[in-house]
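What follows is a set of notes on a single structure, which appears directly below.
In my numbering, the protein residues as written are 724 to 841.
What follows is the structure in structure tokens.
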């Protein structure tokens with residue numbers, strides 16, 4: 724298994740690689756280094772969040788990931804795994820459908836004139 728996963732997206736939506744790494748770590752070990760510009764950064768705040776344009780910060784994060792204690796890895800991974808379990812496709816779909824039921828669309832009344840025959 725990988726010691727750490729590094730996702731350094733410059734801009735993206737919901738990056739599933741980061742969440743897949745977390746979901747796959749049943750041993751609750753390993754460290755996620757994640758770009759602050761990745762959509763997953765909002766959910767996975769226990770990752771080591773980095774600005775991918777800052778090379779020094781990236782280097783520091785790689786060093787920190789490799790030197791992180793097993794206890795800290797486990798604590799962070801447990802919290803991220805909880806987020807991944809809870810914020811799944813079923814929850815997303817339920818929220819989407821619930822939000823859609825709140826939308827009210829006003830349909831204007833249509834008047835259709837029929838031709839008058841003489």
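Using N, Cα and C, we set each Cβ at its ideal position, and we do this for glycine too.
Same chain, Cβ closer than 6 Å to residue 799, five either side skipped, listed in chain order: Stepping through the chain shown from its first residue, residue 799 is reached at position 76. 769.
I think residue 778 touches residue 756, with their Cβ atoms under 8 Å apart; what is that distance to the nearest whole Å? The count along the chain shown starts at 1 and reaches residue 778 at position 55. The count along the chain shown starts at 1 and reaches residue 756 at position 33. 13 Å between Cβ atoms; not a contact.
Of the listed residues 786, 784, 811, 797, nearest to residue 763 (C-alpha basis): The sequence position of residue 763 within the chain shown is 40, counting from 1. Looking at the Cα atoms, 811 is the closest of the given residues.
Starting from residue 779, follow the alpha helix (DSSP H) in both directions and report where the run begins and ends. Translated into positions along the chain shown, residue 779 becomes position 56. Segment 778-790, the alpha helix (DSSP H) holding residue 779.
State the DSSP-derived secondary structure class of residue 740, mapped to helix, strand or coil. On the chain shown, residue 740 is found 17 positions in, with the first residue counted as 1. Reduced to three states, the DSSP call for residue 740 is helix.
Would you call residue 838 buried or exposed, if buried means 16 or more other Cβ atoms sit within 10 Å of its Cβ? Along the chain shown, read from residue 1 onward, the residue named residue 838 stands at position 115. Its Cβ having fewer than 16 others within 10 Å, residue 838 is exposed.
Measure the beta-carbon distance from residue 743 to residue 804 and round it to whole angstroms, keeping in mind my assumption that it falls under 8 Å. The residue you call residue 743 lines up with position 20 of the chain shown. The residue you call residue 804 lines up with position 81 of the chain shown. The Cβ separation is near 12 Å, so there is no contact.
Inspect the beta-carbon positions of residue 842 and residue 771 and report whether they are closer than 8 Å. The requested residue 842 is not part of the displayed model; the chain covers only 724 to 841.
By how many angstroms is the C-alpha of residue 766 removed from the C-alpha of residue 828? Here residue 828 refers to the residue found at position 105 when the chain shown is read from its first residue. Here residue 766 refers to the residue found at position 43 when the chain shown is read from its first residue. For residue 828 and residue 766, the distance between alpha carbons rounds to 32 Å.
Which residues bound the alpha helix (DSSP H) around residue 767? Residue 767 sits at position 44 when you count from the first residue of the chain shown. Unbroken run through residue 767: none, as it is neither H nor E.
Grab the span of the beta strand (DSSP E) containing residue 733 for me, first residue to last. As a working mapping, residue 733 is identified with position 10 in the chain shown. It is not in any beta strand (DSSP E) - residue 733 carries neither H nor E in the DSSP assignment.
Cross-strand partners of residue 773 (DSSP beta bridge): As a first step, residue 773 must be located in the chain shown, where it is residue number 50. Its beta-bridge partners are 758.
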